[in-house]
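The sequence shown begins at 131 in the working numbering and counts up by one. All residues carry an ideal CB built from backbone N, CA and C; glycine is no exception. Computed from a prediction, not measured in an experiment: that's the story for all the values here. Worksheet: the structure to be examined is printed underneath.
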Amino acid sequence: MLTFFKKLFKPSADIAKIVKEGAVIVDVRSRGEYQAGHIQGSKNIPLEIIKKETVSLKKINKPIVTVCRSGNRSGMAKAILSSAGIEVYNGGAWTSLKRQIQ
């Protein structure tokens with residue numbers, strides 16, 4: 131049963147590899163959450179304003195990896211950015227991704 135859940139929630143892409151190859155990390159938590167701790171070099175664009183930032187993110191012309199506290203908000207941000215034609219991946223919890231890329 132545990133194997134089923136691991137497969138169900140396992141990312142379909144190697145996010146750490148994508149980041150190491152130059153993807154931009156976008157942290158969609160609030161400014162306060164971001165200031166309390168974040169991945170060095172990430173951009174803080176809270177979920178509430180992510181839709182307004184799609185044009186500027188598209189201009190970066192690199193894959194985007196969204197992160198948040200648990201993976202929920204980053205999943206919503208992924209859906210918004212993906213619908214705008216941006217190559218985007220849900221990196222889940224920022225703390226987990228930070229451990230993977232160090």
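Given residue i as reference, the closest of the options once Cα atoms are compared
i	options	result
residue 149	182, 213, 170	170
residue 177	198, 187, 213	198
residue 158	190, 192, 226, 222	222
residue 225	151, 166, 213	166
residue 212	201, 172, 187, 147	187
Assigned exposure category for residue i - 16 Cβ within 10 Å defines buried
i	result
residue 153	buried
residue 145	buried
residue 175	buried
residue 235	Nothing can be reported for residue 235, as the shown portion of the chain is limited to 131 through 232.
Cβ of residue i within 8 Å of any chain B Cβ
i	result
residue 151	Annotation note: the requested chain B is absent from the structure, which comprises a single protein chain.
Those residues which DSSP pairs with residue i across a bridge
i	result
residue 173	156
residue 223	198
Nearest-angstrom beta carbon gap, residue j and residue i [assumed within contact, 8 Å]
i	j	result
residue 219	residue 228	Rounded, the Cβ-Cβ distance is 15 Å, inconsistent with contact.
residue 184	residue 216	7 Å
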